[in-house]
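Residue numbers (our numbering): 1216 to 1566. We put the beta carbon where it would ideally sit given N, CA and C, even for glycine. Following: one structure in structure tokens, then a few remarks.
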């Protein structure tokens, strides 16, 4: 690894500890490979401008405290920041596209092409985004999402008798079995008609939704006794919730924004050893050991069959073996090689 690289700079989009999304995961794992990262929080705290998480990862809480005279490698996810690039000394810009700029993300469409043009390398989180981008830029790489394997694999590790936060997770999910679980954003792209159908058809199942609620949930679902809206929980608590789940679901609507989505929760569920049932998303369809429900009836049937057949030790091991190959560490290693190559190539061209 070329450790003489300038630090990677990520301008404020999300606070690092609020949600562990793609930028936080990739950048943190790059730091574990020895690349220096400065991650700027949205929340600014000028009394403590820098927090060091490890030898190579710093959270910046005062953007004015940055050294504006040094070089950085810019990690660009937020389109409007294209307009700020000229203020920095940037030998390399890495553009990362996690979502299609349509429907819920249509507001960012005006910066989409300029974000691609500004980058030296463009990373794409799904095949659909990759296919849309590869004709617009000479250096495009398909880097799907992943999971922090060790974090989630703890959920089914028999040597760990009790996980942190397990008492809380048990109390919230109750003792009802089976528990059909979900974590992630409770957003507008969830299929609430499907969720209502499942809850009505299986009143003896508990459907537990863990995650920040960012949309209006249909009122009848809020009153449904076997659907539990737990709300936002810390990332550290998710393995404890996985222990309460008997299966996990990805009940997304099928439309343009979700066809381009590569759900992080897919890899996290698999790492936790959970049976997974999803609607027919292109990015989920290609993974083994995941059940697809193309209709409401088929989705319900797949849940039933997963509960009966998919919780054996053999199948848990198979699901985890898939997730282990799809870790953030593996993704970061590929990106680090690409960055080192491109930086070396550009620096050589400048001589």
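Fully enclosed by the region 1308-1346, which alpha helix (DSSP H) runs are 4 residues long or longer?
1324-1333
Which residue wins for smallest C-alpha separation from residue 1553, given the options 1390, 1280, 1357, 1281?
Nearest in C-alpha terms to residue 1553, of all of 1390, 1280, 1357, 1281, is 1357.
Does the region 1392-1404 come close enough to the region 1416-1434 that 3 or more CB-CB pairs lie under 8 Å?
yes
Would you say residue 1433 lies against chain B (beta-carbon separation less than 8 Å)?
No chain B is present in this structure, which holds just one protein chain.
Can you name, in chain order, every residue of its own chain whose Cβ lies under 7 Å from the Cβ of residue 1436, other than the five neighbours on each side?
1407, 1410, 1411, 1442
Can you check whether the CB of residue 1308 is closer than 8 Å to the CB of residue 1338?
no
Can you tell which of 1224, 1236, 1512, 1299 has the C-alpha that lies nearest to the C-alpha of residue 1450?
1236
If you measure between the beta carbons of residue 1496 and residue 1538, is that distance less than 8 Å?
no
Would you report the Cα separation of residue 1413 and residue 1508, rounded to the nearest angstrom?
12 Å
Go ahead and pull the three-state DSSP assignment for residue 1269.
strand
Going straight from the alpha carbon of residue 1545 to that of residue 1364, what length do you get?
10 Å
Would the region 1244-1253 and the region 1314-1332 be scored as touching if the rule is three or more Cβ pairs under 8 Å?
no
In this structure, how does DSSP classify residue 1354 when only helix, strand and coil are distinguished?
coil
Under the three-state DSSP convention, the category residue 1570 falls into
With the chain represented from 1216 up to 1566, any question about residue 1570 goes unanswered, as that position is not in the structure.
Which ranges does the alpha helix (DSSP H) cover as unbroken runs of at least 4 residues, wholly within the region 1455-1492, from first to last along the chain?
1471-1474, 1479-1486
Assign residue 1553 to one of three DSSP states: helix, strand, or coil.
helix
Start-to-end residues for the alpha helix (DSSP H) that takes in residue 1534
Here the alpha helix (DSSP H) through residue 1534 covers 1528-1539.
Looking only at its chain, what residues have a beta carbon closer than 6 Å to the beta carbon of residue 1327, apart from the 5 residues adjacent to it on each side?
For residue 1327, where only same-chain residues beyond five positions count, the Cβ hits under 6 Å are 1316.
My output table needs one value for residue 1432: the three-state DSSP class, helix, strand or coil.
coil
Output needed for residue 1510: all residues of its chain with C-beta closer than 8 Å, excluding positions within five of it in sequence on either side, in chain order.
none
With a 10 Å radius around its C-beta and 16 neighbouring C-beta atoms as the bar for buried, classify residue 1331 as buried or exposed.
buried
Rounded to a whole number of angstroms, what is the C-alpha to C-alpha distance between residue 1642 and residue 1227?
The structure shown does not extend to residue 1642, since the chain spans only 1216 to 1566, so no value can be given for it.
Of the residues 1341, 1492, 1393, 1324, the one placed nearest residue 1361, counting alpha carbons only
1341
Beta-carbon proximity list for residue 1455, same chain, < 6 Å, skipping 5 on both sides:
1378, 1380, 1381, 1384
Residue 1343 versus residue 1471 - alpha carbon distance
10 Å
Comparing alpha-carbon positions, which option in 1425, 1465, 1438 lies nearest residue 1234?
1425
From which residue to which residue does the alpha helix (DSSP H) around residue 1407 run?
1407-1416
What residues in its chain sit with their C-beta under 6 Å from that of residue 1217, if we drop five residues either side in the sequence?
Here the model assigns residue 1217 a pLDDT of 47, short of 50, so the residue's position is not dependable, and the following value carries that caveat. Exclusion of the five residues before and after residue 1217 leaves 1555 as the residues of its chain whose Cβ lies within less than 6 Å of its Cβ.
For residue 1346, count the other beta carbons within 10 Å of its own beta carbon; 16 or more makes it buried, fewer makes it exposed. Which is it?
exposed
In terms of residue numbering, what span does the beta strand (DSSP E) encompassing residue 1223 cover?
Looking at the DSSP string, the run of the beta strand (DSSP E) that includes residue 1223 is 1223-1225.
Residues near residue 1490 in its chain [Cβ-Cβ closer than 6 Å; skip 5 each side]
1462, 1521, 1525
Proximity of residue 1248 and residue 1547 at Cβ, strictly below 8 Å:
It is a contact, given that the beta carbons lie within the stated cut-off.
Pull up the distance between the alpha-carbon of residue 1476 and that of residue 1324, whole angstroms please.
16 Å
Measuring straight from C-alpha to C-alpha, what distance separates residue 1473 and residue 1230?
Between residue 1473 and residue 1230, the C-alpha separation is close to 24 Å.
Continuous beta strand (DSSP E) stretch holding residue 1521: start and end
That residue, residue 1521, is in no beta strand (DSSP E); its alpha helix (DSSP H) goes 1511-1524.
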